[in-house]
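Asks: Under the working numbering, the residues of the sequence shown are numbered 364 to 654, in order.
The beta-carbon is built from N, C-alpha and C at its ideal position, and this holds for glycine as well.
Just passing along the structure, written as structure tokens.
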Amino acid sequence: MIVRSLAALGFALAFTSPVSAGSLDLSRYSVTASFSLPDSTASESSAITWNWDTDTLFVVGDEGDYITEVTTGGTVLGSMRLSGFDDTEALTYIGGGRFVIGEERIQDVYLIDYNAGTTASRGALATVSLGGNVGNIGLEGIAYDRASGGFVTVKEKAPQAVQGGTIDFTNGTHTMTDLFAPSLGVSDLSDVQVLSGFTGASFADNLLIYSQESRKLLEVTRSGQILSSFDFSAFSGSAEGVTISSNGTIFITDESPNVYVLTAAPIPEPETYALMLAGLAGVGIAARRRA
């Protein structure tokens, strides 16, 4: 019986991949920390992005008053006042201290150079319109694709939309088109993150999409196939923004305003599996000898 059980376990280990092919695998993740954001500059936090040049986080509230920089542990480093914005729901870092910020209702995006302690006036920024005024169901998230230099956006609902393409702030034009017709089983789409920063990884072309109303984080392909998911309902009902750092740590922000830190269990290397199997074989031999 012992030998039979060990053999079955060895078979399972031998044919269980540490992560499904081409997937980040959100089932490996758990919420391991959280921290509060300042109400004064991050009220109703609705979008978050990771700056790979400084390894810090930037958040914006949906009232569009400030962009605030914090460390990945929650220490506030500074903020930049925004003037003329109304309903900011989208934010992404594009490198060199520059960000793209989006207005939900009018579906316009703006190019911002971040300088702490200064003010950015909406009317003075380079802008591109991604669509007309659709009210409070418009542009909810934007993510920069480091591999292509393009962008991916999500529209909240009625209808939901996931689009990809280029945005040219110099000429005020874009090539954003639908990547797929969303059928993800969620009530809305509230943010998106491209995994292209993981150069060479099998999942680098995938997307993270968050749904605030369904309280769920999804990993999907660019054709709309769901690869993995994480149920966030036990942690927050007002979370809207998601980003991920180069070490795989995921950060989700909500309107309270808080940031939740999700980390993944380590994936055993192939050598580890080999050692485990060798150990099982040794135990099996010992068991047979005792028998």
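Please list, in chain order, all residues of the same chain as S577 whose beta carbon is under 6 Å from its beta carbon, the five residues on each side excluded.
Replies: The residue labelled residue 577 in the question sits at position 214 within the sequence shown. Here the set comprises V549 and S550.
Asks: By the three-class DSSP mapping on this structure, what secondary structure does L590 have?
Replies: Residue 590 sits at position 227 when you count from the first residue of the sequence shown. Strand at L590.
Asks: For D402, which of helix, strand or coil comes out of DSSP?
Replies: Counting from 1 along the sequence shown, the entry for residue 402 is found at position 39. D402: helix per DSSP, three-state reduction.
Asks: Between which two residues does the beta strand (DSSP E) containing A483 stretch?
Replies: Position 120 of the sequence shown holds residue 483. T482 to S484 is the span of the beta strand (DSSP E), which, as asked, contains A483.
Asks: What's the gap between the Cα of D594 and the Cα of V555?
Replies: Counting from one through the sequence shown, the residue named residue 594 turns up at place 231. Counting from one through the sequence shown, the residue named residue 555 turns up at place 192. Computed Cα separation, rounded: 16 Å.
Asks: For L440, count the other beta carbons within 10 Å of its own beta carbon; 16 or more makes it buried, fewer makes it exposed. Which is it?
Replies: Counting from 1 along the sequence shown, the entry for residue 440 is found at position 77. The residue is exposed, with fewer than 16 neighbouring Cβ atoms inside 10 Å.
Asks: Would DSSP call A510 helix, strand or coil?
Replies: Within the sequence shown, residue 510 is the residue found at index 147, counting from 1. Looking at A510 - three-state DSSP - the assignment turns out to be coil, as it is neither helix nor strand.
Asks: What three-state label does DSSP hand A627 in the structure shown?
Replies: Against the sequence shown, residue 627 aligns to sequence position 264. In this structure, A627 counts as strand in the three-state DSSP scheme.
Asks: Answer yes if the region 386 to 394 comes into contact with the region 579 to 587, meaning at least three C-beta pairs across the two stretches below 8 Å, and no otherwise.
Replies: Verdict: yes, contact present.
Asks: Within a Cβ cutoff of 6 Å, which residues of the same chain sit near G480, ignoring the five residues on either side of it in sequence?
Replies: Taking the sequence shown and counting its residues from 1, one reaches residue 480 at position 117. Excluding sequence neighbours, G480 sits near nothing in its chain.
Asks: Do you know whose CA, among S609, R509, T404 and S619, lies nearest D568's CA?
Replies: Taking the first residue of the sequence shown as position 1, residue 568 is located at position 205. The shortest Cα separation from D568 among S609, R509, T404 and S619 belongs to R509.
Asks: Exposed or buried, which one is Q470 when buried takes at least 16 other CB atoms within 10 Å?
Replies: Translated into positions along the sequence shown, residue 470 becomes position 107. Per the 10 Å Cβ criterion, buried.
Asks: Where does Q588 land, buried or exposed, given buried means 16+ other C-beta within 10 angstroms?
Replies: Counting from one through the sequence shown, the residue named residue 588 turns up at place 225. Flag for Q588 reads exposed.
Asks: Would you say A627 reaches chain D, if we count a Cβ-Cβ gap shorter than 8 Å as a contact?
Replies: Reference to chain D is not applicable here, since this structure consists of a single protein chain.
Asks: Does DSSP put R578 in a helix, in a strand, or in coil?
Replies: Working through the sequence shown from its first residue, we reach residue 578 at position 215. Here R578 sits in coil by DSSP.
Asks: Cβ atoms of F398 and V622: under 8 Å apart, would you say?
Replies: Taking the sequence shown and counting its residues from 1, the one referred to as residue 622 is at position 259. Taking the sequence shown and counting its residues from 1, the one referred to as residue 398 is at position 35. For V622 and F398, yes; Cβs fall inside 8 Å.
Asks: Under a three-way DSSP split, which group does L638 fall into?
Replies: The sequence position of residue 638 within the sequence shown is 275, counting from 1. Because L638 sits at a pLDDT of 49, beneath the cut-off of 50, its placement in the model cannot be relied upon, and the point is left open.
Asks: What does the alpha-carbon distance come out to for the pair G611 and L558?
Replies: For the purposes of this step, residue 611 is taken as residue 248 along the sequence shown, with counting starting at 1. For the purposes of this step, residue 558 is taken as residue 195 along the sequence shown, with counting starting at 1. Distance between the alpha carbons of G611 and L558: 9 Å.
Asks: Any idea which residues DSSP pairs Y392 with across the strands?
Replies: By 1-based counting over the sequence shown, the position of residue 392 is 29. Looking at the DSSP assignment, Y392 forms a beta bridge with A627.
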